[in-house]
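J.: Following UniProt numbering, the numbering of the sequence shown begins with 1 at its first residue and continues without gaps. The following block contains the structure, expressed as structure tokens.
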Amino acid sequence: MTIEEKEEKTQEKWEVQLRKGTLELVILAALRHRTLYGLELLKLLQSFKSAAITEGTLYPLLDRLKREGIVDAQWVQEGDVRPRKYYSLTTTGHHKLADLITLWRQSVFDIEFLLAHPGPDVLPVQGE
């Protein structure tokens with residue numbers, strides 16, 4: 001394996017781990033102001049490189065979020081097509097999303113600070 005191939009593999013692993021770490025936040029953000037059926041949500045996520053996942057990843061996660069009371073799921077019959085399961089955030093889900101947004105923003109702040117101030121002398125002050 002060449003150095004370039006190793007670097008590419010390392011990059012891919014990093015992207016997968018980042019996606020896994022942010023997936024719940026991304027799903028809740030997608031459902032923040034809308035109700036979506038599963039395939040619709042999947043297509044929306046796949047339109048973003050950093051959130052592209054498969055059905056095999058999405059549906060088990062939606063099931064877990066439903067069990068935890070974070071999302072609600074309702075079957076809806078629309079005309080003659082087969083019923084679709086629509087997902088929306090519960091009140092608990094909106095609170096969870098707010099908490100995750102706070103954590104995300106703090107993480108981004110911290111990383112951006114470290115990128116801009118690589119020296120050992122400066123300590124971050126949130127809100128500057």
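We put the beta carbon where it would ideally sit given N, CA and C, even for glycine.
Over the uninterrupted beta strand (DSSP E) stretch that includes residue 99, give me the two end residues.
T.: Residue 99 -> not in any beta strand (DSSP E); alpha helix (DSSP H) instead, spanning 91 to 116.
J.: Which residue comes first and which comes last in the beta strand (DSSP E) that contains residue 46?
T.: Element bounds for residue 46: not the beta strand (DSSP E) but the alpha helix (DSSP H), 38 to 46.
J.: Sorted by chain position, which residues of the same chain lie with C-beta nearer than 6 Å to residue 51's C-beta, five sequence neighbours on each side aside?
T.: So the qualifying residues of the chain are 26, 45.
J.: For residue 42 and residue 24, which I take to be in contact (beta-carbon distance under 8 Å), what is that distance rounded to the nearest angstrom?
T.: With a Cβ gap of about 15 Å, residue 42 and residue 24 do not count as contacting.
J.: Suppose the cutoff is 6 Å on Cβ atoms and the five residues either side in sequence are ignored; what does the same chain contact list for residue 66 look like?
T.: Closer than 6 Å at the Cβ level, and outside the excluded window around residue 66, lie 73.
J.: Can you look up residue 72 in the DSSP assignment and give me helix, strand or coil?
T.: Strand at residue 72.
J.: Using C-beta distances below 6 Å, list every residue in its chain close to residue 77, excluding the 5 sequence neighbours before and after it, in chain order.
T.: Excluding positions up to five away in sequence, the list reads 83.
J.: How far does the alpha helix (DSSP H) with residue 9 in it reach, from first residue to last?
T.: 3 to 30 is the span of the alpha helix (DSSP H), which, as asked, contains residue 9.
J.: Straight-line CA distance for residue 80 to residue 97?
T.: Using only the alpha carbons, I get a separation of about 35 Å.
J.: In angstroms with no decimal places, state the Cα-to-Cα distance between residue 75 and residue 115.
T.: Straight-line Cα distance between these residues: approximately 46 Å.
J.: Distance check for residue 91 and residue 36, CA to CA, integer angstroms please.
T.: Residue 36 and residue 91: Cα-Cα distance of roughly 17 Å.
J.: What do you reckon, are the CB atoms on residue 39 and residue 71 nearer than 8 Å?
T.: The answer is no: Cβ separation not under 8 Å.
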